[in-house]
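These notes concern the structure reproduced below.
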Amino acid sequence: MNTSHLFYLLLCSAGIAALYLVCRFLICRFASAELSRSGAVREKDSIQIYAEADSLEYYLRVALAASESDHMTIVVNIPRRDGRKQEMKAIVRMMRRRHKNIFYRIT
């Protein structure tokens with residue numbers, strides 16, 4: 010390979026890296042806006058989620074995207090009298106297998 014090919018490869022890889030960073034920034038920004046609309050509480054080092062069982066997995070994924078750069082703890086608040094409490098616990102446990110920063114609290 011001559012130097013023009015190496016320069017072209019370097020330029021392409023820099024472009025791909027820049028595109029990745031821009032996409033990651035946009036996803037994080039969308040996730041933060043979605044969390045603020047949902048009523049989730051964002052503190053210094055944690056995100057508190059108050060969601061129903063139907064939308065819990067979605068908001069967990071949104072919180073993970075929003076906290077990716079900050080490595081925050083995500084706490085799901087499950088109402089004590091909720092009839093679908095066991096289902097919500099199962100969703101949190103399923104997500105916790107891959108992401109160790111997710112917890113739940115019975116309120």
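Adding 9 to a residue's 1-based position in the sequence shown gives its number in our numbering. For glycine and all other residues, C-beta sits at the position ideal for the given N, C-alpha and C.
{"Item": "Do Ile111 and Glu66 have their beta-carbon atoms positioned less than 7 Å apart in this structure?", "Value": "no"}
{"Item": "By a C-beta neighbour count over all protein chains shown, 10 Å radius and 16 as the cutoff for buried, is Tyr68 buried or exposed?", "Value": "buried"}
{"Item": "Helix, strand or coil for Arg90? Go by DSSP, reduced to three states.", "Value": "coil"}
{"Item": "Identify the continuous alpha helix (DSSP H) that holds Ser45 and give its terminal residues.", "Value": "Thr12 to Ser47"}
{"Item": "Taking 7 Å as the cut-off, decide whether the C-beta atoms of Ala72 and Ile87 are in contact.", "Value": "no"}
{"Item": "Could you tell me the alpha carbon to alpha carbon distance between Asn11 and Leu30, rounded to whole angstroms?", "Value": "29 Å"}
{"Item": "I need the boundaries of the alpha helix (DSSP H) containing Ile113, first residue and last residue.", "Value": "Before going on, a small fix: residue 113 reads as Tyr here, not Ile. It is not in any alpha helix (DSSP H) - Tyr113 instead sits in the beta strand (DSSP E) that spans Ile111 to Ile115."}
{"Item": "Give a yes or no on whether the C-beta atoms belonging to Ala62 and Ser41 are separated by under 7 Å.", "Value": "no"}
{"Item": "Can you grab the Cα-Cα spacing for the pair Asp91 / Cys37, in whole Å?", "Value": "31 Å"}
{"Item": "For Arg106, which three-state DSSP category applies?", "Value": "coil"}
{"Item": "Check this for me: beta carbons of Met97 and Ile56, under 7 Å apart or not?", "Value": "no"}
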